[in-house]
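Below is one structure, written out as structure tokens; the observations come after it.
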Amino acid sequence: MEQFDVLVLGGGLAGVSAALRAAELGAKVSLIEKDEIGRVGFQRRFALFMEGRNNISSSSSWEEYKAALNMESEVYCRSLREKLNAVDVSIVEGVGRLANQGEMSVQLNDGGHLLLKGKSVILACGSAPRFPSTLPQEDEVVISIEEIPQLPALPEKVLVIGRGSFASETALGLQKRGCKVFLCSEYKDLFPEMDEDFNIEIERQLKEKKIKILAGKKLISFYKTEGELEVTLETGIKFSVHQIVIAGDRTGVERVAEIEKLGVRLGEHQKIFVDESMMTSLPGVYAVGSITGELTSDTLSQEQGKVAAENTLGKKKKLNREWVPQIAHLSSEVAYVGCNMKTAGHQGFHPVEGVFEKEYSADENPPQLKEKYKIVADKRTRLIVGVQIISKRSSDWISLLLLLIKKGVTVGNLANSINPEGAGIDGLCEAARNCAQALKAP
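Start counting the sequence shown at 632; every next residue gets the next number (this note's numbering).
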């Protein structure tokens, strides 16, 4: 039986991040993955956003598009493997299962069998899409976002169900490929972590792309008729589409009985419960990524992996979700980090906001897009505790803004910072100045 310090089951972004971090800290690490490392997650994230790569444009055929996606996937998977090899992570190709508290049983792809032992185990084997009882999975009719790259053709009309970055990006990506898109969520806000005024602006920009937003609406039923699906929502709204894509709910681990028998506590829909250190109810066994309850973003997957890896080596680190920058690649990039006006009070802050908006020209219709910036600060300390941005440069700034929040930067610091022409930080500085004015109010 080969022994390691850390065993990682799953080669998605969360698992790879965990393996890399543990190896960087000096641990002997083994990563078990049955398929190509990172492929599923990469294709889920970029299936509809290949324009500009390998000479792909909006006029390229769907077959050309899929070929470019597969090529880019291979490059990405190879780069992850090279990174793992560079820090001496042992890669085992096969299907793994948790056999005991510190043991992993692996059915190798070549037909053999292997038993690995580790001082700690990190479960990062992902999740599966969960289809509502009213929308059972059906090939090429009701599908998950993972199945989009396998479609022989894209539908003329499609309903996307879900909220957050995955649902919104899927809706926009399908629209760019020529589909008529309906985006439906039973919740009012597409981005629950952002304030209402930002949700309104995100909806406005999606609607300008001719995406029909059906927020706060729940699907009641659908039936097939003459090659289309007649959809009915609970408010009585009816329309027809050719396909339905589920971009939200997930179900967790497959071997429920086995893993529960070992002492791993599961929640609704077989999702693994973890604490702030990413540890399960079984000591020494951690879980990261979507297996813990949701389809996690790139940044959150990476942070969960790093937190779990550090804790396997005794570093006592906790996951603070609000300190994980989140980015959605929409017409204008959407990004946020820290508290919003709704959550700041729960953290003991007395929140005050400063908002700044401006329009800029775009090369496509509509000719004008709006940038929006918000600084959330604590009235007593004047410290910045949260930022929300809608801008073509959101991803350039959001990680830096997190560092500023962690370093305790005040509203005045940002408002009075030097702003070189063309640096693109002027919107954030203006939002900080407006926040400074709000802080002066009685």
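Each residue gets a CB set at the ideal place from its N, CA and C atoms; glycine is no exception.
Note that the structure is a prediction, hence the values are computed from the model and not measured.
Here the stretch 930–945 makes no contact with the stretch 891–904; the two share fewer than three CB pairs at distances below 8 Å. Bounds of any beta strand (DSSP E) do not take in Gln-781, whose DSSP letter is neither H nor E.
Straight across, the Cα-Cα distance linking Glu-925 with Arg-881 is about 6 Å.
A distance below 8 Å between beta-carbons, with the five flanking residues on each side excluded, links Val-671 to the following residues of its chain, in chain order: Gly-643, Gly-757 and Glu-777. By the criterion of a C-beta distance shorter than 7 Å, Gln-978 is surrounded in its chain by Cys-970, once the five residues flanking it on both sides are discounted.
Take Glu-655, set aside five residues on each side of it, and the residues of its chain with a beta-carbon closer than 7 Å to its own are Val-718, in chain order. Secondary structure of Lys-902 (DSSP, three-state): coil.
Rounded to the nearest whole angstrom, the C-alpha separation of Glu-667 and Gly-725 is 10 Å.
Closest in alpha carbon position to Ser-796, among Lys-841, Ile-722 and Ser-962, is Ser-962.
Where Gln-1019 is concerned, the enclosing beta strand (DSSP E) starts and stops at 1015–1022. Under the three-state reduction of DSSP output, Ser-688 falls in the coil class, being neither helix nor strand.
Cβ-Cβ separation between Lys-788 and Ser-871: approximately 7 Å, consistent with a contact (criterion under 8 Å). If you compare the alpha carbons of Ile-868, Val-1040, Val-986 and Lys-1038 with that of Leu-1059, the shortest gap goes to Val-986. Cβ contact annotation for Thr-866 (same chain, cutoff 8 Å, sequence separation greater than five): Lys-848, in chain order. Under the criterion of beta carbons closer than 8 Å, Ser-816 and Arg-794 qualify as touching, at roughly 4 Å. Within the stretch 914–992, the complete beta strand (DSSP E) segments at least 3 residues long are 916–918, 957–959, 964–969 and 982–992, listed from N- to C-terminus. Taking Leu-640 as reference, the option from Arg-675, Val-919 and Trp-1028 with the minimal CA-CA separation is Val-919. In the DSSP assignment, Gln-806 falls within the alpha helix (DSSP H) that extends over 795–807. Distances from the alpha-carbon of Arg-712 to those of Gly-646, Phe-822 and Leu-790 put Gly-646 closest. Assigned with DSSP and collapsed to three states, Asp-636 falls in strand. According to DSSP, Glu-734 shares a beta bridge with Asn-731 and Lys-748. Look at Glu-705 here: in three-state DSSP terms it is helix.
For Cys-815, the uninterrupted beta strand (DSSP E) run begins and ends at 811–816, by DSSP. Residue environment analysis places Glu-934 among the buried positions, since at least 16 neighbouring C-beta atoms fall within 10 angstroms of its C-beta. Across the structure, Phe-677 and Gly-804 are spaced so that their CA atoms are roughly 9 Å apart.
Per DSSP, the unbroken alpha helix (DSSP H) holding Phe-677 starts and ends at 670–677. A check of alpha carbon separations from Gly-879 across Phe-762, Pro-767, Lys-843 and Asp-1009 identifies Phe-762 as the nearest. When rounded, the separation of the alpha-carbon atoms in Val-1007 and Lys-937 is 27 Å. Nearest Cα to Asn-1050 within the set Lys-1038, Ala-1063 and Gly-1039: Ala-1063. In the DSSP assignment, Glu-839 falls outside any beta strand (DSSP E) and within the unbroken alpha helix (DSSP H) covering 827–839. Within 10 angstroms of the beta-carbon of Val-965 lie 16 or more other beta-carbons, which makes it buried.
CA-CA distance, Gly-915 to Lys-948, rounds to 14 Å.
In its chain, beyond the 5 residues on either side, Leu-651 have a beta carbon closer than 7 Å to the beta carbon of Lys-714.
Looking at Glu-682, Leu-729, Val-955 and Thr-1012, the one whose alpha-carbon comes closest to that of Ala-699 is Glu-682.
Burial is judged here by how many other beta carbons sit within 10 angstroms of a residue's own beta carbon; Val-895 has at least 16 and is buried.
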